[in-house]
């Protein structure tokens, strides 16, 4: 399982309604971020892409995706400085793939919330 529920468990203190709300917010936000990231990349809007990576990093961290959060932090910083754009497609691909897996995992968790909390 890619998702790490440690933070959600601690933050929610067992409040499953809060966890379900956080899952819903995450799912909605990530879907929007994916579309915007693709658009910004295609338009060559590197600074805006970096700012969006910063925004996404917070959501990703809440779900315990620490390695992906590191990639997003790198993208955020690189977009302000060097613009090593040849690395961006791999990061965006990883973001899309990993968040898709996590959304699927979160769907299972939401349907069986009492088994996880």
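In the working numbering, the protein residues as written are 1074 to 1190.
Where a beta carbon is used, it is the ideal one built from N, C-alpha and C, also for glycine.
- Cβ contact annotation for residue 1077 (same chain, cutoff 6 Å, sequence separation greater than five): 1137, in chain order.
- Residues of the same chain with a CB within less than 6 Å of the CB of residue 1142, apart from the 5 flanking positions on each side, are 1130, 1133, 1134 in chain order.
- Apart from sequence neighbours up to five positions away, the residues of its chain that approach residue 1082 with a beta-carbon distance below 7 Å are 1190, ordered along the chain.
- In the three-state scheme derived from DSSP, where H, G and I count as helix and E and B as strand, residue 1139 is classed as helix.
- Rounded to whole angstroms, the Cβ separation of residue 1165 and residue 1099 is 18 Å, and the two are not in contact under 8 Å.
- Going by C-alpha positions, residue 1125 is about 31 Å away from residue 1087.
- Linking residue 1150 to residue 1173 through their CA atoms gives a straight-line distance of about 24 Å.
- Closest option to residue 1120, judged by alpha-carbon separation, among 1183, 1181, 1156: 1156.
- The alpha-carbon of residue 1097 is positioned some 12 Å away from that of residue 1089.
- Rounded to whole angstroms, the Cβ separation of residue 1107 and residue 1169 is 6 Å, and the two are in contact under 8 Å.
- Sixteen is the threshold: since fewer than 16 other Cβ atoms of the shown chains lie within 10 Å of the Cβ of residue 1074, the residue is exposed.
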